[in-house]
Structure formats: C-alpha cells, structure tokens
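First the structure, in the form of structure tokens, and then the observations on it.
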Amino acid sequence: MVQVGLTHFLVISAILFSLGIFGIVTRKNAVMVLMGLELILNSANINFVAFSRYGNFGLNGQVVALFVIVLAAAEAAIALAIVLNIYKTFATVNVDEIDKLKE
Amino acid sequence: MTEALLLNISLVILLLPLLGFTTLILLGKKIPGSHWIETFFMFLALCLSVYVGFGKLAFFTGVSLVKEATWIQLWNIPVLGNLQIDLGIKIDNLTAIMLFVVTLISFLVHIFSLEYMKGDSRFSRYYAYLGIFTFSMLGIVLTHNILMMYIAWELVGISSYLLIGFWFEKKSASDASKKAFLVNRVGDTGMFIGIMILFTNYHTFTFDTIYAQIAQGHLPFNSPAWLTAAGIMIFMGAVGKSAQFPLHVWLPDAMEGPTPVSALIHAATMVAAGVYLIARVFVMLTADAMLTIAIVGMVTSFIAATIALTQNDIKKVLAYSTVSQLGYMVMAMGVGAYQYAFFHLVTHAFFKACLFLGSGSVIYAMHHEQDLRKMGGLRKKMPITYAAFLISTLAISGVPFTSGFLSKDGILAGTYAFASLTGHWMIPAVAFLVALMTAFYMFRLVILTFHGTPRDQERHDHAHESPFVMAMPLVVLSVLSVFFWYGLNPANPSTGWFLDKWVKTPTSIVPQGQRFDFMKSEVKETASAEKTAAGSTEAVVHSEHYMHAMHQAHYPAMGLSIILGGLGILLAFSMYQWKKIDPDKLAEKLGPIYRFSLNKWYIDELYGATFIGGALALSRLLAWFDKYVVDGLVNGAASLTRGVSKLGGLFDTYVVDGLVNFTAYLSGFIGIFFRKFQTGKVQTYVVFVIFSVIILLFIFRPFGF
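Chains as they are written, first to last, in this note's numbering: chain A, 990 to 1092; chain B, 322 to 1026.
Put into structure tokens, the structure is as follows:
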C-alpha cells in the first residue's frame, strides 16, 4: 500500500497546472481559456491544501484555498462578462482574431 | 593810431572776404545782386588796407607788429615734449604793402568782373570764390607762423582749383583745374617736409622763434646740410605755387579760367605767394639753397620766355610771360637781391594784372576770341584799353619811366653783382637775354592785337570799347605802373621811399661759411643776431663790397637793359609792324627751334610720357596685381574654403549622417525583429512567460536540481 504523501498532491497539482496552461495556450474559444485558468487556480488550491495538511502551517492554507475559490467565482463572473462584451464588440470569441492590442 | 588798432583792423581785413564768401555761398541765390555785397566788402577791405598800410609805413616803419594767441597747448607729448602752437598776425612792411596790393587788385578784379562775368549762370558763386581766394591770400600775407601759412597756402590752392575749373562744363577747364591742383600738391609736399624739418627741431611754427634759434647757432639736426634741405624743401612750395620749372606746366593751362581770375590769381597775387614765401624764409637760406633757387629761377625765366615768343593765344603769351617774370623774381631772391625781387613782385602785380584785364577786355570785345591771328587793328576801336595795355607793356619790357624798368633793372644789377662776386656769369647772361625776349614778345603781342589791319573783319566790326567798370581798373593799374609811385628818381630806385625806407633786406642768420659772405655786413656781425631775435629784421645787411658791386653794376646793367629792351622792341616792330622781316619765313628757316618753342619745349608731352604714362603703367601693374594676385588670393581662399567645406559636407553626409542613419536603421531593425514577438495575442505571451520561467529556472536553479 502506497502511502499517499505530499509529493502525490504536488504531482497532481503540477499536472493540473500544466493542463491549465495547455488549455490557456491552445484553446481558441475564450470560454475555454477561462476554464484553463480555473484549472490553474484549482491546482494552486491543491497546493495550498496539501501544504496545509503536511506542512506546519496550521489551517492557513485551507483558508487561503477558500478565499481562492471565492475569488475564482468572482473572477469567473467578471471574465465571463468581459467575454460577453468582447463578443458584442467583435462578434466572435476566438482569441486568435482578437489581437487589436498589437496595433 | 596804436599797434593794437592796426592789428585789429588787419584781422578785420582778413575776415571780411571770408564773410563775403560765406554770405554768398549760403545766400547767394536768394539775394538778388548779392555780388555787390562781396564787392562792397572788398572795397571796405581795400580802404582798411590803405589805412593799415599808411599807419604801418608812416608810424611803425622800423618795427614789426605781432599779435599771437596760443591755439594748441599740450604738455609732455611723447618724443616731442611740450607742444605749443601759436596762431598770430605779424605786420611788417612787406605785409603792409602786400595787403594793399592784394586787396587793390582783388577789388579791381571784382569791379571788372561785374561786366565781364555778367549773365553767367553761377555769377554769385564766382564772387564767393573770389572772396575765399582773397581770404586765403590775405592769410598767407598776414600770418606770423609757417603752419598758418601752409593752411592758407592750401586754401589758395583750392580756390585756384575752383576758379580755374569755374566753367567746368568745358573739358579743358576741368582738366586744367585738376592739373593745377595736382602739380601744386607736388610742390606742397616738399614744403610740408620742409616745415616738418623745422618743427621737429624747434618745436614751433613761428618764424621769428625759429630764426632766433638758428641765429643762436642751433641748426636742424646740428647740420648745415639740413638747413639747406629745409630751405630747398620750403622753396618747393614756391616752385609749385609760383610755377617754377619743372612745375610750371599748370599755369598756362590755368588760363582756361575766366580772364579776371587769371589776372587776380595767376598773374598778380597767388603766383606771387611763392616769392613772398621765399622772402619770409629768406634769412635762413644757405648759400647752396640760394644758388639752387637762383638757378631754378633762371631756367624758368628762360624756358618760359622762349615759349612765349611763339604762342598764338593772347592769354598763353601772357601766361608764359608771367612764368618768366616769376622766374625773374625767384632768381632775384636767389642772388640775394631781396629788395628788388619784392619790388618786382609789387610792380609786376600791377602791370601784369593790367595786362590780363586788358586782354580780358580785348577778349570781351572780340566775343571770346583769343587767337592773336584773328585780331589786329583794335587800337582805334579800344583807345583806353590800348593805352593801358601799352603802358603795362612798356613797364614789363623795362622801358624807362615805368615801374617795371626800376624793378627789372634792379634785378639785372643784382644778378650782375652776384656774378661779379661769385663768378656765376651764366645767371646775368640769361637774365639779359630774357629781358630782350620779354620786350620782343610783349610788343609782338601789342602789335598783333592792336596795330595793323584787322585780320578778322567781321569780329573787328563788332568790337567796341569796354564799359566803364572794365576800363576803370585798367586805368588805375596802368597808372600804378608809372615810376613816381615808387620813388622820384626814374633812374635809381634805391633812393625812392619804396626801397630806401620800406623794404630792407633782412640779415642772414645762417652761420658763417654756409652763407654768401656778402649777405651780412661785417660791422654788425655780432649785433645782428640779437636784432633778429628781437623781431627786427630791418637792418641794412649787405657787406661793403656787395654794396660796392651793386653800385658798380647799376649803371652798366641799366644801359644794357635799355639797349636790349630797345632791340627787342625794334625787332618786334620790324617783324610785325613794318614787315621788314617775314616772321613766317623766319619760322620756316628756324624750323625745329620754332616748333620746339611753339610746342612748349614738349614738356607736357615729356610729363605725359614719363610721369603720367609712368603712373598709368604703374596703375595698370597694380590693377594686374590686384586682379590676379590679390583677387587670386581672395578667390583662392574662397575656393579653399569651398573645398574644405565640401570635404566637411562629405564627412557630414557619409560619416556623421551614416552613423545617425545606422543607429536609426539598427533600432528599426531591432524593432522589426522584436515586433514579431508583439503579436497582441495573450496566449502567445503566456507561452513566452512559461518558457522564460522554465529557462530562468534552468539558469538559476533555485531548487537545487
């Protein structure tokens, strides 16, 4: 029986982070990019919780994770509102086409 | 009658013509008949001169009246030390006589011009010029220092220039005025050098102070040669102004001016200023300087007389006769016959002014015809002019009972005595020859003008006697050409008041060995220096043997001069009146000599070829130098600058601009390179961030792997 330890959580978290990055970088749809972002946030949450459990930090990590979840909800609301506005302006949510910043 | 009164009056005399000049030059055109103002001023000046002359000669015969004021006073000038320049008036007998001569002739010329110049478009200006001339001439006469004299000298030069070129519309007149001015400058430069020699040594311009120092044995630069040089240099001024050879060429040309002007300036007064100048510096002339002066005078009188023989223009004959007579006076100064030189100056002023005004009258009657060959037979038509002209001609020819006889005889005797003492027999020989020629050409002039039959009938028919204002001056001047104004004895002037009382040869102050011994009496050797210092230069100065020689020379010279004068007159009559000798055939026979004389010894041509041609060649050379060397330098500098700036431009274009452009190009290139990363897509940036973080992790290895 393998003892589940900190390393496992960190690996899961790293995988999740990588998947999040991958999602952000490769998805064309803005909503999908946002979802990748959620993945990254959640990987961070896992780290917080894991270090809270195995580290000598008390419950600080748990609390921060809760904050992050709340923040993520707010962020998702704002980000989706931005996406809606983008759609209104450009009639698309494809992030490749929205490169006006370049100009 | 006090000294101060006379001096103040003479100051008034000096300034009256100047007042006339300023009035006329400023207001001449606004006041109708403004020339009367100037004429009136001259009349006033004449009256005052008579008063001053009378007062001086009657009551102050033996003393000089001097009044001076400091003009410039500077202390401690580097090199010069104290510098004090005085201006002042000195009236001695010479001055008193000259005052009268100048104002009288000037006044008569003013009167004469009323008619002669009538209708001229610049009538009032003409009178203004006469005024400035008279002022300057009086300045020369009255001054007691050589600086003021030099100033007046130049003023005379400029007024002469203005009057010669009065009809400047005529090319010949404007040329003549320029010639007169330039030739005079040559002489004046010499005079200036002479003045500077004296000033450098004595630090003063006042004649008497300078002479006092010379008399004490203080010579310029301690050398008698410098004293000679100073004398000759100052004499240069006289050479220019009195038209002596080789600077005589301007005077005949000056006849382009109005005839009354010729009478006033170029016969009677201005040209006599040179002789007056020699009289003023006479005491400091060394033997060498005097001999130089005598020879220059001799050469001048001879050349001018030979030229006068053949001239066909009535005024040219008179002009050369003037030059010749001036040569006489200068020669007389040179041989030490001071009294007679001055005497001749005065008598010549009167009879030559009369001759010129007479010729003016003739020219006026002939409607401005001056050629002798077109005149003749005017005696009946113009009796007054003829009489006056004839008397003056007798005077200049040296016929007894005229003033000219007295003065000329004195000069001839002077040269004779000089020769007998020093052995320069050339001088009296030439002097007697000139006397012969003078009589000849003057009577040739009279006969051709007044006698015989008219050669231009039409002009002769229109000729008429001149009006009163023109005849009156002629009469006055011809009367003054008679002997009794100067002394009662018509044969020996030295007993007359003019020479016996008024004009005395001043004592020479030149140290012994440098002067002619006869210029100083043996008895008064010691006393004379102090006398000169005290300002009294009136002592009788000739040594006994000079007086003796002069006395011995007197009657032979007189006899010879009468014979030669008579011979000249006879010759003139036989050639032109009685036609015994045909002048044309004679001229043909004497071909080259005749042409030599007719063409004025080719002196003008010689000057044209040498000095004028030389000056032109020099100026061409300088122009060439200017064009090619100076301009070349300037242009060279310009093209050098242009080359340098072109190089600089190239450097600028290629190196500096290249650097700048390169910088710009580089940043542009970098910009273009980095622009590719700036996609505007957040995703790309994220990729960059991640790869960068990974790279940073590999570089810094924070976790130890």
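Heads up, the beta-carbon is just placed ideally off N, CA and C, and yes, glycines get one too.
Backbone CA spacing between B/Ser594 and B/Gly460 [nearest angstrom]: Looking at the sequence itself, residue 594 of chain B is Ala, so the reference to Ser does not match. Each residue's Cα considered, the two are about 11 Å apart.
C-alpha gap between B/Leu425 and B/Val333, whole angstroms: So the two alpha carbons sit approximately 16 Å from each other.
Residue burial classification, B/Glu909 (beta-carbon count within 10 angstroms, cutoff 16): So B/Glu909 ends up on the exposed side.
Where the beta strand (DSSP E) through B/Gly402 begins and ends: Residues Gly402 to Ile412.
Proximity to B/Val477 [Cα-Cα], best of B/Met591, B/Phe946 and B/Val667: For B/Val477, the nearest C-alpha among the options comes from B/Met591.
Where the alpha helix (DSSP H) through B/Glu359 begins and ends: Counting along the chain, B/Glu359 sits inside the alpha helix (DSSP H) bounded by residues His356 to Phe380.
Length-filtered (4 minimum) alpha helix (DSSP H) runs lying within the segment 929–994 of chain B: Counting whole runs of 4 or more residues, the segment 929–994 of chain B contains the alpha helix (DSSP H) stretches 934–945 and 952–971.
Per DSSP, cross-strand counterpart(s) of B/Leu386: DSSP, once it has assigned bridges, lists B/Ile412 as partnering B/Leu386.
Cβ-based contacts, 9 Å cut-off: residues of the segment 998–1011 of chain B near chain A: Hits within the stretch, in order: Gln999, Thr1000, Gly1001, Lys1002, Val1003, Gln1004, Thr1005, Val1007, Val1008 and Ile1011.
Under 7 Å from the C-beta of A/Val1014: neighbouring residues of chain B: By Cβ distance, chain B contributes Gln1004, Val1007 and Val1008.
Exposure label - B/Pro794; buried when at least 16 CB within 10 Å: With 16 or more other Cβ atoms inside 10 Å of its own Cβ, B/Pro794 counts as buried.
Neighbour list for A/Ile1126 in chain B, Cβ cutoff strictly below 8 Å: Shown here, chain A extends from 990 to 1092; a query on residue 1126 of chain A therefore has no answer.
C-alpha gap between B/Ile358 and B/Phe710, whole angstroms: One C-alpha to the other measures close to 30 Å.
Local conformation of B/Trp818 per DSSP, three classes: B/Trp818 falls in the helix class under three-state DSSP.
Extent of the continuous alpha helix (DSSP H) run through A/Asp1088: Here A/Asp1088 belongs to no alpha helix (DSSP H), and DSSP marks it neither H nor E.
Minimum Cβ-Cβ distance from A/Val1084 to chain B less than 8 Å: Interface residue (Cβ-Cβ distance to chain B less than 8 Å): A/Val1084 is classified as such.
Whole-number beta carbon distance between B/Gly511 and B/Gly558, since they are thought to touch under 8 Å: Indeed they touch by this definition, with Cβ atoms about 6 Å apart.
Boundaries of the alpha helix (DSSP H) in which B/Ser787 is found, first to last residue: It is not in any alpha helix (DSSP H) - B/Ser787 carries neither H nor E in the DSSP assignment.
For B/Leu327, the three-state DSSP class (helix, strand or coil): In this structure, B/Leu327 counts as helix in the three-state DSSP scheme.
Cβ neighbour criterion (16 or more within 10 Å) applied to B/Ala449: The C-beta of B/Ala449 has 16 or more other C-beta atoms within 10 Å across all chains shown, which makes the residue buried.
Proximal residues to B/Ile586 (C-beta, below 7 Å), its chain only, five neighbours per side dropped: Within the same chain, Phe454, Ser481 and Leu484 come within 7 Å of B/Ile586 by CB-CB distance, once the 5 residues on both sides are set aside.
Three-state class that DSSP yields for B/Asn505 in the structure shown: Collapsing the DSSP output to three states places B/Asn505 in a helix.
Residue-level contact to chain B via CB, A/Lys1077, 8 Å cutoff: Not one chain B Cβ lies under 8 Å of A/Lys1077.
Identified DSSP bridge partners for B/Gln394: Beta-bridge partners assigned by DSSP to B/Gln394: B/Gln405.
Every unbroken beta strand (DSSP E) inside the segment 564–600 of chain B [3 residues or more]: Those beta strand (DSSP E) runs which fall completely within the segment 564–600 of chain B and span 3+ residues do not exist here.
Every unbroken beta strand (DSSP E) inside the segment 623–698 of chain B [3 residues or more]: Here no run is fully enclosed.
Contact between the segment 704–720 of chain B and the segment 820–830 of chain B (3+ Cβ pairs under 8 Å): They do not touch, by the three-pair rule.
Terminal residues of the alpha helix (DSSP H) in which B/Asp906 lies: Sequence inspection shows Lys at residue 906 of chain B; the Asp mentioned does not correspond to that position. Segment Pro904 to Lys910, the alpha helix (DSSP H) holding B/Lys906.
Start-to-end residues for the alpha helix (DSSP H) that takes in A/Asn1018: Segment: none, A/Asn1018 is in no alpha helix (DSSP H) and carries neither H nor E.
Sequence-distant residues of the same chain with beta carbon closer than 8 Å to B/Ser495, five excluded per side: Result list for B/Ser495: Gly486 and Phe489, in chain order.
B/Glu859 to B/Gly383 span [Cα, whole Å]: At B/Glu859 the pLDDT is 37, less than 50, meaning the model places this residue with poor confidence; the figure from the coordinates comes in the next sentence. The straight-line gap separating the alpha-carbon atoms of B/Glu859 and B/Gly383 is approximately 7 Å.
Three-state class that DSSP yields for A/Val991 in the structure shown: Three-state DSSP puts A/Val991 in coil, outside helix and strand.
Distance between beta carbons of B/Ile712 and B/Ser802, contact taken as under 8 Å: Between B/Ile712 and B/Ser802 the Cβ distance is about 5 Å, and since that is below 8 Å, they are a contact.
Completely contained alpha helix (DSSP H) runs for the segment 540–567 of chain B, where each covers 4 or more residues: Counting whole runs of 4 or more residues, the segment 540–567 of chain B contains the alpha helix (DSSP H) stretches 545–562.
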